[in-house]
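The end of the sequence shown is residue 425 by the numbering used here, with every number in the run present. Following: one structure in structure tokens, then a few remarks.
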Amino acid sequence: MKKALLSLLTLFVVLGAVVAQEKVTLNVLNYQQADQAGYQEDVAIWEKFQKDNPDIKLNIEVLFSEPYHQKLQVYAAAGTLPDVFYVWPTSRSAIIHEKKLAKDLSKLLGPDFLKDFSGAATDPNNQLGKYLAMLPQAFTYTSVMFVNKKLLADNGFDLPKTYDDLKRMVWKLKAKGINVIMLPNKDGWPMQSCLFSTVLGRMAGDDFVDAILAGKAKFTDKPFVDSLKVIDNLYKDGIMAREDNQVGYGEGPGLFVSGKAAIYIDGDWRAGAYITDKASGKALIPPASQEKDFVLLPFPSIPGEVNPGVVSGIAGTGWAISAAIPSGSAREKAAVKLFKYLYSEEVQSIRYSTGSYVPTRKNVKANVEPLVAKVPQFYADNPKVCYVFDGLFDPAVYNVLNDGLIAIGLGTATPEKVAADVQKAFETWKASSK
């Protein structure tokens, strides 16, 4: 009898040990690249979670730019989405929202957690599916001019306020091998997100875009064609170099700080590319120079604009949890634990300090370098925002525009041709969506 009891007790101990040692595995799809600002900090963030939570195993796949979006589409179509993944609140991640492939975070996380974030971040109306499929980490201005004001002053120029101010810089700067504006567009999306969306907001306005979506206007109408002509003229007038359409997104900041251009156009997040890298202790732009030699400005006024001063802006990216995870399961609890860690004051402070973004989490404090500190001031100085094109339209539409903007940049397509191509893509997409 004693032997039987001892054997049974031993069995319970062994089973208990097995249960205690059993790990929950989470598959994660992360959006990051080694040459991005804050990469080493990002690695450390994931390592800390893994160290502090030995009962949770993370299988992390890391991709960036178009390869990321393509892989996310493949996973979604195949029904094999990772447990936790990075997502856009709009049509950039349309399949996630439209098919409700992410859990409703308002129900999963509850008001006690969400009260620590801005109202804009927790408003489901700011997301394509009209439910809280993800939690934006920031509100993003996608169109910012990073201006080397010292370079301009050294060449006798004031900060540009009008399109003509940019034109006046061309001859003198080009003679020295300096472009007025640099916007690398080999990847396709930067011109559309970081400049054209603002130009469209200025020349046509959100009401015109709404009319297109409602079938009451067309891309071939004058406001859209005129917006494309602004981009066309930037190249024809020599303000931007056609060669920039063969420059990769990651190459741009280094070329800019080497003096290849007076102005660099990108989203507000790009401030992080220029500050001190904590791993190397080096900065593309030293803090003292960030303070006195560089300024963040909106694109100057454009002849014929109907909405002066608007800048393209959108609810930023963030994390989502797969709807396929069983409710109440150990995997769901582990995913929520990881999610809350990623949005904690600790992690959001690190993100802010690296210049990744200004967090939507309230009261996040961080020691930031001058260029990053100028981002909230840019928001305050430019309160009027307009749509970001790829935040509204399906990939079947905005990818045609992306290709068309490259063609305009290379001089191989006219604004009228690109407008017609986008209209055709829109009609095809609309017909297939019925």
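We put the beta carbon where it would ideally sit given N, CA and C, even for glycine.
| query | What's the gap between the Cα of Ser303 and the Cα of Pro45? | reply | 43 Å
| Whose C-alpha, out of Asp228, Gly179, Leu288, Gly295, is nearest the C-alpha of Gly239? | Gly179
| request: Give the range of the beta strand (DSSP E) segment to which Ser303 is assigned. | output: 302 to 306
| request: Flag this pair as yes or no: are the beta carbons of Leu17 and Ala321 separated by less than 8 Å? | output: no
| task | Tell me, please, whether the segment 283 to 292 touches the segment 63 to 75 by the rule of three or more beta-carbon pairs shorter than 8 Å. | result | no
| task | Would you mind working out which of Glu13, Val286, Ala262 sits nearest Leu275, comparing C-alpha positions? | result | Ala262
| Tyr132 versus Val138 - alpha carbon distance | 16 Å
| query | Distance, Cα to Cα, Gln31 vs Lys269? | reply | 8 Å
| task | Could you say which of Ile397, Tyr389, Tyr154 lies nearest to Thr419 if we only look at CA atoms? | result | Tyr389
| query | Can you tell which of Tyr154, Asn21, Leu362, Lys283 has the C-alpha that lies nearest to the C-alpha of Leu72? | reply | Asn21
| field | N-terminal and C-terminal residue of the beta strand (DSSP E) that Lys39 is part of | value | No beta strand (DSSP E) holds Lys39; the alpha helix (DSSP H) holding it covers 30 to 43.
| query | Helix, strand or coil: how does DSSP classify Tyr265 here? | reply | coil
| Three-state secondary structure assigned by DSSP to Lys(-6) | With a pLDDT of 49 at Lys(-6), under the threshold of 50, the modelled position of that residue is not reliable, and the figure given next carries that caveat. It is helical.
| field | For Thr81, the nearest candidate out of Gly272, Ile172, Lys121, Trp260 (CA to CA) | value | Lys121
| message | Suppose contacts are defined by Cβ-Cβ distances below 8 Å. Is Ala311 in contact with Ile47 by that definition? | response | no
| query | Can the beta-carbon of Thr308 be found closer than 8 Å to that of Pro127? | reply | yes
| Residue environment, Asn459, which counts as buried when at least 16 other CB atoms sit within 10 Å | Since the first residue of the chain shown is -8 and the last is 425, residue 459 is not available in this structure.
| query | If Leu396 and Phe215 are in contact, beta carbons under 8 Å, what's the gap, nearest whole angstrom? | reply | Contact doesn't hold; Cβ gap of about 12 Å is too wide.
| query | Secondary structure at Pro350, three-state DSSP: helix, strand or coil? | reply | strand
| task | Assuming Asn176 and Asn236 form a contact by the criterion Cβ under 8 Å, report the distance between their Cβ atoms to the nearest whole angstrom. | result | 5 Å
| said: With H, G and I counted as helix, E and B as strand and the rest as coil, what does DSSP make of Asn358? | reply: coil
| request: Look at the alpha carbon of Ile222 and the alpha carbon of Asp103, and state the distance between them as a whole number of angstroms. | output: 47 Å
| field | Status (buried if at least 16 other CB within 10 Å, exposed otherwise) for Leu204 | value | exposed
| message | Between Tyr154, Phe210, Ile36, Thr267, which has its C-alpha nearest Val363's C-alpha? | response | Thr267
| query | Taking DSSP as the reference, what is the three-state secondary structure of Lys48? | reply | strand
| said: Quick check on Tyr255: does DSSP put it in helix, strand or coil? | reply: strand
| field | Alpha-carbon spacing of Met160 relative to Val297, whole angstroms | value | 25 Å
| task | Provide the residue span of the alpha helix (DSSP H) that contains Trp162, from first to last. | result | 154 to 165
| request: Can you tell me which of the three DSSP states Ala205 falls into? | output: coil
| query | In terms of residues, what are the limits of the beta strand (DSSP E) holding Trp310? | reply | 309 to 312
| message | For Glu57 and Val391, what's the separation of their Cα atoms in angstroms? | response | 14 Å
| field | Classification of Ser347 by the beta-carbon crowding that lies within 10 angstroms, buried from 16 upward | value | buried
| field | Rounded straight-line distance, which links the Cα of Leu99 to that of Lys91 | value | 14 Å
| message | Can you tell me which residues form a DSSP beta bridge with Ala93? | response | Ser313
| field | alpha helix (DSSP H) runs wholly inside the segment 359 to 423, at least 4 long, in chain order | value | 361 to 372, 380 to 383, 386 to 401, 406 to 423
| message | Please classify Asn50 as buried or exposed, where buried requires at least 16 other C-beta atoms within 10 Å of its C-beta. | response | exposed
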